[in-house]
Amino acid sequence: MKPTRLTPPLSEPDIRKLRTGDLVSITGKIVTARDKAYTRAISDAKLPVKLQGGIVYHCGPLAKRTPSGWKVVSAGPTTSARMDQIQAKFVKLTGVRALIGKGGVGEKVAGQLARLGCVYLAFPGGTGALAAKSVAKIEGVFWRDLGIPEALWVLRVRDFGPLVVAIDTRGDNIYLDQKRWN
55 MKPTRLTPPL SEPDIRKLRT GDLVSITGKI VTARDKAYTR AISDAKLPVK
105 LQGGIVYHCG PLAKRTPSGW KVVSAGPTTS ARMDQIQAKF VKLTGVRALI
155 GKGGVGEKVA GQLARLGCVY LAFPGGTGAL AAKSVAKIEG VFWRDLGIPE
205 ALWVLRVRDF GPLVVAIDTR GDNIYLDQKR WN
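Going by the numbering used here, the sequence shown opens with residue 55, and the numbers climb by one from there.
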């Protein structure tokens with residue numbers, strides 16, 4: 055099965071066509087965000103980057119400074135359930151259409167994401183070097199005061215994936231419906 059290519063910004067109708075089990079790849083801009091970035095975004099609602107229709111990757115990249123700027127060395131996924139308490143609020147505030155991470159989110163959060171028109175894309179752990187190879191350019195780093203892993207990294211990626219649609223906008227969830235996937 056050839057992955058469906060997603061190119062942000064994403065529209066709600068495009069996202070609603072995706073189904074659990076579909077493979078996707080991403081070419082375009084993604085933004086990393088974890089616990090501290092979520093908390094800051096919600097507390098002051100002033101984001102340094104537009105996320106409407108965007109894709110957020112739960113990742114704390116390993117990056118090094120080079121003479122020509124930053125270079126991502128590894129960019130493996132973070133466990134997404136860490137953000138469960140504020141996940142839906144963040145998605146509603148930002149208008150994000152897809153989240154990438156590992157391990158899924160809680161059942162309640164999965165339902166909230168579905169209602170908000172946001173899919174969850176699974177990227178397996180241990181793939182940090184593979185992910186880094188897909189980063190064509192770092193377009194910006196914001197909120198560095200939170201620490202390198204917690205900062206917002208704006209990444210231009212090419213053929214990032216393949217990723218599995220693990221939670222779709224109908225509420226289907228491969229983490230809950232394991233009989234179907236075994």
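In this text, a Cβ means the ideal position worked out from N, Cα and C, and glycines have one as well.
- DSSP places THR81 in the strand class (E or B) of the three-state scheme.
- Spatial neighbours of SER134 in its own chain (CB-CB distance under 8 Å, excluding positions within 5 residues in sequence) are listed in chain order as HIS112, GLN141, LEU153, GLY155, LYS156, GLY157, GLY158, VAL159 and TYR174.
- According to the DSSP secondary-structure assignment, CYS113 is paired through a beta bridge with PRO131.
- Non-local C-beta neighbours of GLY107 in its own chain, meaning closer than 7 Å and more than five positions away in sequence, comprise PRO62, PRO63, LEU64, SER65, GLY149 and ARG151, ordered along the chain.
- For PHE144, there is no enclosing beta strand (DSSP E); the residue is found in the alpha helix (DSSP H) stretching over 138-148.
- Here PRO131 is buried. Its C-beta has 16 or more other C-beta atoms within 10 Å.
- In the three-state reduction of the DSSP assignment, TYR174 falls in the strand class, which pools E and B.
- In the same chain as VAL110, and ignoring 5 residues on each side of it, the C-beta atoms closer than 6 Å to its own belong to VAL85, ALA87, VAL150 and LEU153, in chain order.
- Only residues of its own chain outside the window of five on either side were considered, and among them SER128 have a CB closer than 7 Å to the CB of ALA183, listed in chain order.
- The residue from VAL218, GLY179 and THR81 with its alpha-carbon nearest to that of GLY114 is GLY179.
- Secondary structure note for ALA220: its beta strand (DSSP E) is the uninterrupted segment 206-221.
- Take the alpha-carbon of ALA220 and the one of LEU209: they are about 22 Å apart.
- Its chain contains no residue whose beta carbon lies nearer than 6 Å to that of ILE202 once the 5 sequence neighbours on both sides are disregarded.
- Beta-carbon to beta-carbon, ILE192 and TRP124 are separated by about 5 Å, close enough to satisfy the 8 Å threshold.
- Selection VAL189, THR223 and PRO216 evaluated against TRP207 yields VAL189 as nearest (Cα-Cα).
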